[in-house]
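*Asks:*
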Amino acid sequence: MTAYEFAFLFLLVLLVVAALAAVLVRGYITSIIVLSVFSVLMAVVFAFLQAVDVAMAEAVIGAGFMTAIFVGAIAKTRRSS
Amino acid sequence: MTRRNVFALLIALTGAGGLFAVLIVYGGTGEALPALAATFLERSIADSAAVNVVSTVLLDYRAFDTLGEATVIFASVTGVSALFVRAHLIPQSRGAGILVERAIGYLAAFFWLFPVYIVLFGHLSPGGGFQGGVALAVLIILLNVVYGTERGASILTTHRLHLFEDAGALAFLLIGTVGIIQGSAFLANLAAGFPGGVPGRLLSSGAIPLLNLAIGIKVASGLATIFYEFLASWDKAGARWKP
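Keeping their order, the protein sequence lines are chains A and B. When the letters of the first sequence are read in order and numbered with the numbering used here, they come out as residues 40 to 120. When the letters of the second sequence are read in order and numbered with the numbering used here, they come out as residues 119 to 361.
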């Protein structure tokens, strides 16, 4: 196993760990932050697979836009309930 | 572990196993490249003079599909706007304080540079209108968080954002119509008479930079609209939502 393959495998394992943590962690805000970490890891995986355009879209949408939308939505719903 | 948890775990494992099997069967075919991909890689520079092959595929060979994707975003923005049509934007955040405002004020110019670079260099380097547009929308959200939605919403009202989005969508369609006027296909690039130029230059590859710019404006204003609509609230009079 080369160093490249080992790094890729490590990333994939981290990806699964991040996905599980996003579901299992307590608290909505923490879950969203872990989800954005998942998106960043996913972007790195896409960059590893030489799909840089997709990686850029994943990083910008998953880590940037989705986080903002989720935080906004949770801030709105928590106040009314 | 209750029976319901076991059931959920079973469903998850079945789904994961099925996905894995599909990936094993259809994932690696063993060939280096599918035939169409090889053709695209060989002919893209001659066909559209764009160095970034992905942008050639997205905005030249498969530009009609890109129009469909843009329509999907347009429809979702329209749906969110229709849902919140009776809501008003009540300013809630007053900004993040003088220190953060000053610091972001110095950095904002460099922040602007990144999305603009991604959009304008879409035919040369990875990225394009969609990625740059989303980055621009995230930047608008960041400025709203830092300086407060009161100032942000007074500068970029949803009305202006809608105008920007419509202008982007119309520009995309008009650039596509040039192909029909010139006697070629809808959304044709070099066949429609757009100058190809030298591959690798900033002003090259015909209509692709123009389409990137249109998509960038459209996506940025559309996603910023969604963000503003999420912040909007129903006032006392319209508190009850009527379907």
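Every residue gets a Cβ at the ideal spot worked out from N, C-alpha and C, and that includes glycine.
Run through DSSP, which three-state label would Pro361 (chain B) get?
*Replies:* As a position in the second sequence, residue 361 (chain B) is number 243, starting the count at 1. Note on Pro361 (chain B): pLDDT 33, under 50, position unreliable in the model; no value is reported.
*Asks:* Give the range of the alpha helix (DSSP H) segment to which Gln300 (chain B) is assigned.
*Replies:* Translated into positions along the second sequence, residue 300 (chain B) becomes position 182. No alpha helix (DSSP H) contains Gln300 (chain B), which DSSP labels as neither H nor E.
*Asks:* Note the first and the last residue of the continuous alpha helix (DSSP H) segment covering Asn89 (chain B).
*Replies:* Residue 89 (chain B) lies beyond the range of chain B shown here (119 to 361); nothing can be said about it.
*Asks:* With burial defined as no fewer than 16 other Cβ atoms inside 10 Å of the residue's Cβ, what is the status of Thr69 (chain A): buried or exposed?
*Replies:* In the first sequence, counting from the first residue as 1, residue 69 (chain A) sits at position 30. Exposed is the call here.
*Asks:* With a threshold of 8 angstroms on Cβ separation, who are the neighbours of Asn201 (chain B) within its own chain once the five nearest residues in sequence on each side are excluded?
*Replies:* Translated into the one-based positions of the second sequence, residue 201 (chain B) becomes position 83. Before going further, note that residue 201 (chain B) is Leu rather than Asn in the sequence given. Closer than 8 angstroms at Cβ, skipping near neighbours: Glu347.
*Asks:* If we count Cβ pairs, one from each stretch, closer than 8 angstroms, do we get three or more for the segment 301–312 of chain B versus the segment 267–276 of chain B?
*Replies:* No: the two stretches stay apart, fewer than three of their Cβ pairs being nearer than 8 angstroms.
*Asks:* Please confirm if Gly66 (chain A) has its CB atom under 8 angstroms from at least one CB of chain B.
*Replies:* Within the first sequence, residue 66 (chain A) is the residue found at index 27, counting from 1. No, because no Cβ of chain B sits closer than 8 angstroms to the Cβ of Gly66 (chain A).
*Asks:* For Val110 (chain A) and Leu349 (chain B), what's the separation of their Cα atoms in angstroms?
*Replies:* Working through the first sequence from its first residue, we reach residue 110 (chain A) at position 71. Working through the second sequence from its first residue, we reach residue 349 (chain B) at position 231. Val110 (chain A) and Leu349 (chain B): Cα-Cα distance of roughly 11 angstroms.
*Asks:* Is Ser95 (chain A) close to chain B? Criterion is C-beta to C-beta, closer than 8 angstroms.
*Replies:* Here residue 95 (chain A) refers to the residue found at position 56 when the first sequence is read from its first residue. Looking at the sequence provided, one finds Met at residue 95 (chain A) rather than Ser. Closer than 8 angstroms: yes.
*Asks:* Please confirm whether Phe49 (chain A) and Phe87 (chain A) have their CB atoms less than 8 angstroms apart.
*Replies:* One-based indexing of the first sequence puts residue 49 (chain A) at position 10. One-based indexing of the first sequence puts residue 87 (chain A) at position 48. Contact: no.
*Asks:* For Val172 (chain B), would you say it is in contact with chain A, using Cβ-to-Cβ distances shorter than 8 angstroms as the test?
*Replies:* As a working note, residue 172 (chain B) is residue 54 in the second sequence. Cβ-Cβ to chain A under 8 angstroms: yes for Val172 (chain B).
*Asks:* Is the CB of Phe290 (chain B) under 8 angstroms away from at least one CB in chain A?
*Replies:* Residue 290 (chain B) sits at position 172 when you count from the first residue of the second sequence. Closer than 8 angstroms: no.
*Asks:* Would you call the segment 54–72 of chain A and the segment 212–219 of chain B touching, i.e. three or more CB-CB distances under 8 angstroms?
*Replies:* Result no; under three Cβ-Cβ pairs closer than 8 angstroms.
*Asks:* Sorted by chain position, which residues of the same chain lie with C-beta nearer than 6 angstroms to Gly245 (chain B)'s C-beta, five sequence neighbours on each side aside?
*Replies:* If you number the second sequence from 1, residue 245 (chain B) lands on position 127. Cβ neighbours of Gly245 (chain B) beyond the five flanking positions: Ile236.
*Asks:* Give the DSSP-derived three-state secondary structure of Asn330 (chain B) in the structure shown.
*Replies:* Residue 330 (chain B) sits at position 212 when you count from the first residue of the second sequence. Helix.
*Asks:* Would you call the CB atoms of Phe304 (chain B) and Gly318 (chain B) closer than 8 angstroms?
*Replies:* Numbered from its first residue, the second sequence carries residue 304 (chain B) at position 186. Numbered from its first residue, the second sequence carries residue 318 (chain B) at position 200. No; because the gap between Cβ atoms is not below 8 angstroms, this pair is not in contact.
*Asks:* Less than 8 angstroms between CB atoms is the rule here; does Pro244 (chain B) satisfy it with respect to chain A?
*Replies:* Position 126 of the second sequence, counting from 1, holds the residue named residue 244 (chain B). For Pro244 (chain B), the answer is yes, since a Cβ of chain A falls inside 8 angstroms of its Cβ.
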